[in-house]
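Here is the structure we will look at.
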Amino acid sequence: MEILYLMIICSVSLAVIFLIIFIIGAKKGQFEDDESPAVRILFEDEVKSEEEKKDTPEQNKKE
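For what it's worth, my numbering labels the leading residue of the sequence shown as 61, then goes sequentially.
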(Lines of atoms letter the chains of each structure in order from A and count residues from 1; the text may use other names and numbers.)
(Lines give C-alpha, C1' and ligand atoms only; values in the text may rest on other atoms or scores of the structure.)
Protein backbone atom coordinates (compact mmCIF):
# COMPACT_ATOMS: atom_id res chain seq x y z
CA MET A 1 0.00 0.00 0.00
CA GLU A 2 2.93 2.31 0.67
CA ILE A 3 4.18 1.95 -2.90
CA LEU A 4 0.79 3.16 -4.12
CA TYR A 5 1.14 6.37 -2.12
CA LEU A 6 4.67 6.82 -3.43
CA MET A 7 3.56 6.35 -7.04
CA ILE A 8 0.68 8.84 -6.61
CA ILE A 9 3.05 11.43 -5.15
CA CYS A 10 5.55 10.86 -7.98
CA SER A 11 2.94 11.11 -10.72
CA VAL A 12 1.31 14.23 -9.28
CA SER A 13 4.68 15.94 -8.84
CA LEU A 14 5.66 15.03 -12.41
CA ALA A 15 2.36 16.42 -13.69
CA VAL A 16 2.95 19.66 -11.76
CA ILE A 17 6.45 19.97 -13.24
CA PHE A 18 5.08 19.55 -16.78
CA LEU A 19 2.34 22.09 -16.06
CA ILE A 20 4.90 24.62 -14.85
CA ILE A 21 7.05 24.07 -17.94
CA PHE A 22 3.97 24.52 -20.16
CA ILE A 23 2.97 27.75 -18.40
CA ILE A 24 6.51 29.15 -18.74
CA GLY A 25 6.53 28.29 -22.45
CA ALA A 26 3.11 29.87 -22.97
CA LYS A 27 4.16 33.09 -21.21
CA LYS A 28 7.30 33.35 -23.34
CA GLY A 29 5.20 33.07 -26.50
CA GLN A 30 6.41 29.71 -27.70
CA PHE A 31 2.94 28.71 -28.87
CA GLU A 32 1.99 32.05 -30.45
CA ASP A 33 2.84 31.41 -34.09
CA ASP A 34 1.99 27.90 -35.13
CA GLU A 35 1.24 28.48 -38.82
CA SER A 36 4.29 30.24 -40.23
CA PRO A 37 6.78 27.36 -39.71
CA ALA A 38 4.51 25.11 -41.76
CA VAL A 39 4.14 27.74 -44.48
CA ARG A 40 7.80 28.80 -44.40
CA ILE A 41 8.94 25.42 -45.68
CA LEU A 42 6.81 25.91 -48.80
CA PHE A 43 8.50 29.21 -49.68
CA GLU A 44 12.06 28.17 -48.86
CA ASP A 45 12.87 27.11 -52.44
CA GLU A 46 11.65 30.42 -53.83
CA VAL A 47 13.86 32.34 -51.42
CA LYS A 48 16.86 30.23 -52.36
CA SER A 49 16.24 30.69 -56.07
CA GLU A 50 15.94 34.47 -55.61
CA GLU A 51 19.18 34.50 -53.65
CA GLU A 52 20.88 32.46 -56.37
CA LYS A 53 19.70 34.95 -59.00
CA LYS A 54 21.12 37.79 -56.92
CA ASP A 55 24.40 35.96 -56.36
CA THR A 56 24.92 35.02 -60.01
CA PRO A 57 25.53 38.55 -61.42
CA GLU A 58 27.79 39.41 -58.51
CA GLN A 59 29.85 36.29 -59.06
CA ASN A 60 30.14 37.03 -62.77
CA LYS A 61 31.41 40.55 -62.03
CA LYS A 62 34.04 39.22 -59.64
CA GLU A 63 35.34 36.70 -62.17
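The beta carbon of each residue, even a glycine, is placed where N, CA and C say it ideally should be.
Contiguous alpha helix (DSSP H) elements confined to the segment 62-90 occur at 62-87, taking only those with 4 or more residues. In this structure PHE78 does not touch GLY85 by the C-beta definition: roughly 11 Å separates them, more than the 8 Å allowed. Around LYS88, the same chain offers no residue with a beta carbon nearer than 7 Å, after the five sequence neighbours per side are excluded.
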